[in-house]
Amino acid sequence: YMTTTIIAAVLGVILVLLIHPGNPKLKENLGEGAENDEVSSLDAFFDLIRNLFPENLVQACFQQIQTVVKKVEVQPDFDDTNSTDYLSNATKPPPIFKDKKSLQFKSGMNVLGLIGFFIAFGVCMGKMGEKARLMIDF
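Under mature numbering (1 follows the signal peptide of the UniProt record, and there is no 0), residues -24 to -1, 1 to 114 are what the sequence shown spells out, in order.
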């Protein structure tokens, strides 16, 4: 087992170095992508947990959930009761932008959720013993 694993790993590295899978010229034409720096590693971890337990198995075949950060404009408090503001022709302060996190479904198969469900399903079938024979034979 160990020798075949080592041979496979070495062969894989050699083939990658020889073939160069993917076209490196395509990467140059793509330019810079939009990075979502606002999403923390904790949010990414929670997304994994959420995707591990999908709400709907059919939906998990087509979509997965992801944390998205949007900038929302918040108007600062402005008290215009002071009479000197009227005399000095003061303007309202500029708006403040705050990050608002929300969950959105994105296209792509939720493989983690499907595997998690079927592992749990298999464990339950194994625990049921002969009661689950009809389902196992199906």
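Built from N, CA and C at the ideal position, the CB exists for glycine as well.
Note that the structure is a prediction, hence the values are computed from the model and not measured.
First through last residue of the beta strand (DSSP E) which encompasses residue i
i	result
S17	Looking at the DSSP string, S17 is not in any beta strand (DSSP E); the run it does join, the alpha helix (DSSP H), is 17 to 28.
K82	72 to 83
Q51	Premise fails: Q51 is in no beta strand (DSSP E) and is neither H nor E.
Sequence-distant residues of its chain with Cβ nearer than 6 angstroms to residue i (five each side left out)
i	result
S78	V44
Alpha helix (DSSP H) segment containing residue i, residue limits
i	result
Q35	33 to 36
A(-17)	-23 to -6
Secondary structure of residue i, DSSP reduced to three states
i	result
F97	helix
C-alpha gap between residue i and residue j, whole angstroms
i	j	result
P71	D19	27 angstroms
V48	Q80	16 angstroms
F96	F21	Here residue 96 turns out to be Ala, not Phe, going by the sequence shown. Taking the straight line joining both Cα atoms gives about 21 angstroms.
I(-19)	N32	40 angstroms
V34	F93	12 angstroms
G105	I112	10 angstroms
P52	D75	15 angstroms
V(-12)	S17	30 angstroms
L(-14)	L(-7)	11 angstroms
Contacting residues, own chain, Cβ-Cβ under 7 angstroms from residue i (five flanking each side not counted)
i	result
K82	Q39, Q40, Q42
A36	P30, N86, G89, L90
A108	M101
V15	T43, V45
D23	I41, Q42, T43
Neighbourhood of residue i by C-beta, 8 angstroms cutoff - its chain only, sequence neighbours within 5 removed
i	result
V50	P71, I72, F73, K74
Item checked: the region 86 to 93 touching the region 16 to 36, judged by at least three CB pairs closer than 8 angstroms -> yes
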